[in-house]
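One structure below.
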Amino acid sequence: MKRHPKSSPLARFRSNLPTLASESVEPLSISVQNALCEISSLQIPSPSYNESIELIKLQVSTSGVCLALLGTTGAKVRYPWLGYYLLDERAPQPFALPDSKCFQAGLAEATSHMTMDETRKLILVGDKTRVKSFAWGNSRRTFTKALPTHTLDSRQFEGPILTLPNGTILRAGRAAAAVWVIDQLDTHGPKGDSRIGKKLVIDEYDEELDMCPDIDDSGGTPRASHIFFNDDPTLEPDLWERLPDSSTVICAEPYSNSEGSRSCLLIDFGHNGKTVAVVKGHRDTVSDFSTSTADPRAFLTACHDGYARLFDIRQPYPVIEFQAGHQYDCRSVALAFPDGIPIVFTGTNHREQIKVWDVRAKACIYELATGNNQVKSLSWDAESNSLFAYTSCGYKDKSRSYQYRQADIPQRKRASHPNNTSQGSKPRCWPRQAWHAEDYFEYAFDAGEDQVYRYTFKEEPNRYILPEYGNAKEDSYTIKEYDDDEDSEMAYGRNSDDDDFDEDDFDDY
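Counting from 1, one number per residue, gives the positions in the sequence shown under the UniProt record's numbering.
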């Protein structure tokens, strides 16, 4: 397989690739297999003075209607923050979040628990004691800004949240899941300002109310019922994902190497929480799930043992394993089926890249650059043939002090791509211990800060649509004494063709 002349300059292809068994004449799969993509970064409004926004994860709704971002904001104390971007707008929109679609969630504690209900146009987020929902529209129209809709009292149920096709909300706890019926819930009213339940004493959460005046004082609606994990009475999921168009949920709990332990199982909430399968093969904690409506029987896992694994729900062991991170953790994954061809995306913290795998060819085809950022969250949008990635810069601290040196972009690289030319008199910098050297990709690119990227694959891309080079500066003080030959010591001599593929039974793909 040869590199396509329109492949992105932020894609590096593997050498000596086998002929792709799944090579297609269909435009969507061709664009993904050949890295024919335009890459843009999301513009997020600047927070108030002395505050910052730190993202945690992103998620695309089932049919690609909405991209939701969960994070924290604040100065001394961090509070949940939400932002969303509507992907189904008819008119082309800049890839930017307007102020009206960014807001504090009204909860008292930072959280990583978020889900969406596309049918009801809801984003749900929960801290340890409450769940709040926000509507981006209704059956008649799309709202200018999200409307606070529900607050749920979820005390004793602190785990992940999801909605089922029958209109119920579930939240995991130890040995059981709390249940609410959406159509029976009280709401915050047409303006989103009515209290639900008893009034909370906010002082219990925030002794200085001026630190976060946006905490909602609604106690919330108590759960309607709960479903016991009868087959697994000690189960306490910290991560779960519903299979498409199903009441069956993939659950994961922290890994234990004790005999008989299980870190991942399938529970059918349409049949009173019955455990229908236990999947095996993980050697550490599962960190992410991904599913696809194109194949409801398949799901993908990311695991801190460095592997991504593709499962068929009819088999207890993975159909195939991808060695995404080696001894480092595999943080996030996304499963896609452009034109029916199975493609896997994997992201890790340490390797600062996204790997793209052709499942049928049993190969990693290429790597996508992230601007030397760690990959924290991935999500695939089948409607726009786009991959979304939240990435984090690990080379600056909260005071914006950088562990950078001046970039050393080879002259041949400068000549090969117009984006490699200097931006006026501003010098370009590079992390001292970046995983990649400046010449690893065709376009030498560093983000210098956290970024959300959109990789849009298309038949005729403009390969020069790329993120702008970041504004990181050279070290203003000495963090560590570096010799010249230590700079970017992780990067130089890097071989992209690592032995990173494991296969088992491969018949179904």
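A virtual CB, placed ideally from N, CA and C, is assigned to each residue, including glycine.
Pair within 8 Å by beta-carbon distance, residue i and residue j
| i | j | result |
| --- | --- | --- |
| residue 380 | residue 335 | yes |
| residue 295 | residue 26 | no |
| residue 269 | residue 368 | no |
| residue 470 | residue 450 | no |
| residue 114 | residue 70 | yes |
| residue 431 | residue 453 | no |
| residue 164 | residue 247 | yes |
| residue 160 | residue 238 | yes |
| residue 187 | residue 179 | no |
| residue 390 | residue 87 | no |
| residue 402 | residue 13 | no |
| residue 320 | residue 359 | yes |
| residue 282 | residue 306 | no |
Nearest neighbour of residue i, chosen from the options [CA to CA]
| i | options | result |
| --- | --- | --- |
| residue 383 | 171, 369, 292 | 292 |
| residue 221 | 164, 199, 236, 80 | 199 |
| residue 436 | 353, 165, 255, 405 | 353 |
| residue 289 | 378, 145, 281 | 378 |
| residue 350 | 361, 364, 363, 371 | 371 |
| residue 337 | 246, 29, 189, 84 | 29 |
| residue 16 | 373, 439, 363 | 363 |
| residue 89 | 106, 66, 439 | 66 |
| residue 143 | 218, 190, 61 | 190 |
| residue 375 | 31, 37, 56 | 56 |
| residue 434 | 394, 464, 101 | 394 |
| residue 153 | 172, 130, 162, 167 | 130 |
| residue 216 | 41, 80, 162, 75 | 80 |
| residue 52 | 73, 45, 68 | 73 |
| residue 194 | 219, 183, 173 | 219 |
| residue 128 | 272, 181, 156 | 156 |
| residue 63 | 46, 106, 119, 304 | 119 |
Cutoff 7 Å; reference residue i; Cβ partners in own chain excluding five residues on either side
| i | result |
| --- | --- |
| residue 308 | 300, 301, 302, 322, 324, 330, 333, 344, 346 |
| residue 176 | 226, 227, 228, 229 |
| residue 10 | 39, 368, 369, 441, 443, 445, 466 |
| residue 103 | 82, 146 |
| residue 280 | 316, 317 |
| residue 185 | 150, 221 |
Own chain partners of residue i with C-beta closer than 6 Å, once the 5 adjacent residues on each side are dropped
| i | result |
| --- | --- |
| residue 147 | 135, 192 |
| residue 357 | 322, 344, 364 |
| residue 96 | 43 |
| residue 242 | 162, 249 |
Same chain, Cβ closer than 8 Å to residue i, five either side skipped, listed in chain order
| i | result |
| --- | --- |
| residue 138 | 121 |
| residue 461 | 6, 8, 31, 36, 37, 38 |
| residue 245 | 165, 293, 296 |
| residue 406 | 427, 428, 429, 430, 474 |
Collapsed DSSP secondary structure at residue i in the structure displayed
| i | result |
| --- | --- |
| residue 411 | helix |
| residue 227 | strand |
| residue 358 | strand |
| residue 461 | coil |
| residue 190 | coil |
| residue 377 | strand |
| residue 271 | helix |
| residue 74 | strand |
| residue 482 | In this prediction, residue 482 scores a pLDDT of 40, lower than 50, which makes its location untrustworthy; no coordinate-derived value is stated. |
| residue 433 | coil |
| residue 33 | helix |
| residue 28 | helix |
For residue j and residue i, believed in contact at Cβ under 8 Å, the rounded distance
| i | j | result |
| --- | --- | --- |
| residue 386 | residue 285 | That pair is no contact at about 29 Å. |
| residue 512 | residue 110 | This structure cannot speak to residue 512, because the chain is shown only from 1 to 509. |
| residue 149 | residue 197 | Residue 149 to residue 197, Cβ: 14 Å. No contact. |
| residue 265 | residue 232 | 7 Å |
| residue 76 | residue 36 | About 46 Å separates the two Cβ atoms, so there is no contact after all. |
Contact test: residue i Cβ vs the ligand COA heavy atom, cutoff 7 Å
| i | result |
| --- | --- |
| residue 60 | This structure lacks the ligand COA; in fact it carries no ligand of any kind. |
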